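Working notes, structure below.
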Amino acid sequence: MHTTGTAMTRRRIFAVLSASLLATGLAACGNSDTGDKGGTGSGKIVLGFSQVGAESGWRTANTNSIKEAAAAAGFELKFDDAQQKQENQIKAIRNFIQQKVDVIAFSPVVESGWDTVLKEAKDAKIPVILTDRSVDSADKTLYKTFIGSDFVKEGKLSGEWLVEKTKSATGPVNIVELQGTTGSAPANDRKKGFAAAIAANPNLKVIASQTGDFTRAGGKAVMEQFLKANPKIDVLFAHNDDMGLGALEAITAAGKVPGKDITIITIDAVKDGMQALADGKFNFIAECSPLLGPQLMDLVKKVKAGETIPTRIETQEGTFTQEQAKAALPTRKY
Ligand code: GZL
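Here it is as structure tokens:
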């Protein structure tokens, strides 16, 4: 077919234009693909996670849940262990901002001192999700949501069980308390809930209360001091299983029988704690689930997609007596 010069020129122009439009389109798609999925160009959603540390069995189970769920979701996970130091978490969050991750999630080791770095994340248009522990920032726009437990309720359930157990006691019931990390939401709120639950019973007295920093070593060292300073201790309330497990060593070394001479109440319900409960060394545990990974990844997807999510998501948890621990142990996931 004979094509005139003008028609030929028009065809060539059309061909060149189409090719350049196609190339631009692909590049735009490629850029938006990289741009949408964080600055790493991996093509995946990039999640920056700052973890408190590795202080307890609960924390280990929580870390495993997050890593496994991120892998299952096909996310690129940038994971940082802050060794229980707030300055390390702030550094990690700033690194995530520089790396242009898609979403930042973290468990704040303490409640205060986060506004500046969270404002930096907000200015960088990187959404933040709080997991496990919360912050006391007045500005609720600094994070998208909190997912975790109701720590006040955990303390309240612990206190209510003790009130019921000691209702026929006539004399004073001396309680010692191993607090979690000073300034952390679980330590503040569990203490608050427990104190409120026993307040109406003047014979229930907290005669000593000190932090064991959620670790076994801390629980053992502080319990040794409690035992030296207080000849009559009837109850130990430990803010987590690990401090209770550390205290067991001190109690036994002092020639006392845990679970009998001293009633022991803890929080978490990790496997070692549940074993101590089933063995009669602990008397009651209020559960605090570390298995937040799958829910967190679902929230990351929704936040990345710009969907609206609830501002607070609480995990469902129970409590365990010695008999219930024996029944539950074989199927415990953590
Ligand atoms: C509670 C969590 C606490 C656990 C401890 O959600 O932050 O920190 O109770 C852990 O075992 O160390």
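Residues -27 to -1, 1 to 307, numbered by mature numbering (1 follows the signal peptide of the UniProt record, and there is no 0), are exactly what the sequence shown covers, in order. Using N, Cα and C, we set each Cβ at its ideal position, and we do this for glycine too. Values in this document were obtained by computation on a predicted structure and should not be read as measured data.
Bridge partners of residue 71 according to DSSP: none are assigned. Distance from the C-beta of residue 147 to the nearest heavy atom of ligand 1 is not below 7 Å. Separation of the CB atoms of residue 149 and residue 177 is rounded to 12 Å, and the pair is thereby denied contact status at 8 Å. According to the DSSP assignment, residue 38 belongs to the alpha helix (DSSP H) that extends over 30 to 46. A heavy atom of ligand 1 is found nearer than 7 Å to the CB of residue 28. In its chain, beyond the 5 residues on either side, 31, 34, 35, 38, 307 have a beta carbon closer than 7 Å to the beta carbon of residue 263. In this model, residue 29 and residue 104 are separated by some 16 Å (Cα to Cα). Set against 7 Å, the gap from the CB of residue 32 to the closest heavy atom of ligand 1 is smaller. Take residue 213, set aside five residues on each side of it, and the residues of its chain with a beta-carbon closer than 7 Å to its own are 29, 31, 153, 187, 239, 240, 241, in chain order. Proximity of the region 161 to 170 to the region 120 to 131 meets the contact definition, three or more beta-carbon pairs being nearer than 8 Å. Between ligand 1 and residue 189, a heavy atom-to-CB distance of less than 7 Å is absent.
Between residue 284 and residue 258, the C-beta gap is not smaller than 8 Å, which leaves the two residues out of contact. Rounded to the nearest whole angstrom, the CA to CA distance from residue 69 to residue 17 is 15 Å. Across the structure, residue 288 and residue 95 are spaced so that their CA atoms are roughly 26 Å apart.
DSSP places residue 96 within a helical segment (H, G or I) once states are collapsed to three. Shown here for residue 171: same chain residues with a beta carbon closer than 7 Å to its own, the five before and five after excluded, namely 132, 135, 136, 177 in chain order.
Three or more beta-carbon pairs separated by less than 8 Å are not found between the region 40 to 47 and the region 104 to 114, which leaves the two stretches without contact.
Beta bridge pairing from DSSP links residue 257 with 238.
Following the DSSP letters along the chain, one finds residue 147 inside the beta strand (DSSP E) bounded by residues 146 to 152.
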